[in-house]
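Following: one structure in structure tokens, then a few remarks.
Rendered as structure tokens:
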């Protein structure tokens, strides 16, 4: 009998120890599974945070100017100035990247400049002249984007516009400016403008003109010719409408 009791006691202890070992094994597996889930959640959370940070940073990245957008031009013109060809009395000179000076007017345009290039010109001969002047400056300015230059073109021309990157010639443009214009023909729908370019070389003044056809479209003047159709022609005399040099030009 004593041997039977001892045997039963040993069996009971073995069963208890086996139960404890099984419980410990279950707890170990449970902890491992729980930690794996937490690790996955942490990784997913970190990924979301990184994605959000990247997205937020992207929103802060500056984008190049894209032109006039959907801006509607409203440039008032006095009734007595509807067919005036006179140069603006309030003009001032701006500079392209290379230092070429060109006139702008708060009255006749451009009155809207969201980036490098300006838009919105008066619906009269003077406004028709200020638009191609702005275009010629933009075409020679490496800071002007393709979208900005395209915004100065008519729909017909913009559809086939293939811009070439302006070349940088700071030495040649140090004494260069768009000095005036002549209105060759004008109607409220179309105009032809001779924009005159003046520069110095070897101590002598040189004068040339660009003859630019314009069209009134979507409430503003637009250049109605591709760049290859606009030719530089040497002339001997200044135009009828002159932008005189200013002491503070380009500032």
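Numbering (this note's numbering), first residue to last: 1074 to 1324.
Glycine included, every Cβ here is placed at the ideal spot set by N, Cα and C.
Remember, it's a predicted structure, so these values are computed and weren't measured experimentally.
- Under the three-state reduction of DSSP output, residue 1261 falls in the coil class, being neither helix nor strand.
- Check the Cα spacing between residue 1216 and each of 1140, 1231 and 1314: the tightest is with 1140.
- In the three-state scheme derived from DSSP, where H, G and I count as helix and E and B as strand, residue 1177 is classed as strand.
- Restricting attention to 1154, 1160, 1255 and 1187, the CA atom closest to the CA of residue 1144 is found in 1187.
- By the criterion of at least three beta-carbon pairs nearer than 8 Å, the stretch 1189 to 1201 is in contact with the stretch 1158 to 1178.
- Counting along the chain, the unbroken alpha helix (DSSP H) around residue 1230 starts and ends at 1228 to 1231.
- When rounded, the separation of the alpha-carbon atoms in residue 1174 and residue 1272 is 10 Å.
- Comparing C-alpha distances from residue 1150 to each of 1194, 1309, 1213 and 1282 shows the shortest one belongs to 1194.
- The C-beta of residue 1315 has fewer than 16 other C-beta atoms within 10 Å across all chains shown, which makes the residue exposed.
- DSSP places residue 1298 in the coil class of the three-state scheme, outside both helix and strand.
- Within its own chain, the residues whose Cβ lies closer than 8 Å to the Cβ of residue 1305, once the five positions on either side in sequence are excluded, are 1270, 1281, 1282 and 1283, listed in chain order.
- Within 10 angstroms of the beta-carbon of residue 1291 lie fewer than 16 other beta-carbons, which makes it exposed.
- At the C-beta level, residue 1255 and residue 1313 come within 8 Å of one another.
- Within the same chain, Cβ atoms closer than 6 Å to the Cβ of residue 1279 are found at 1272, the five residues on either side in sequence being excluded.
- Contact check between the stretch 1204 to 1218 and the stretch 1165 to 1174: three or more CB pairs, one atom from each, fall below 8 Å, which counts as touching.
- For residue 1199, the uninterrupted alpha helix (DSSP H) run begins and ends at 1198 to 1212, by DSSP.
- When DSSP states are grouped into helix, strand and coil, residue 1152 belongs to the helix group.
- The distance from the Cβ of residue 1297 to that of residue 1227 is about 4 Å, consistent with a contact at the 8 Å cut-off.
- With respect to the C-alpha of residue 1206, the residue from 1309, 1301, 1287 and 1311 having the closest C-alpha is 1287.
- Under DSSP, residue 1250 forms a beta bridge with 1174 and 1271.
- In this chain, the beta strand (DSSP E) harbouring residue 1165 covers 1165 to 1168.
- Rounded to whole angstroms, the gap between the alpha carbons of residue 1168 and residue 1260 is 30 Å.
- At least 8 Å separates the beta-carbon of residue 1319 from that of residue 1222.
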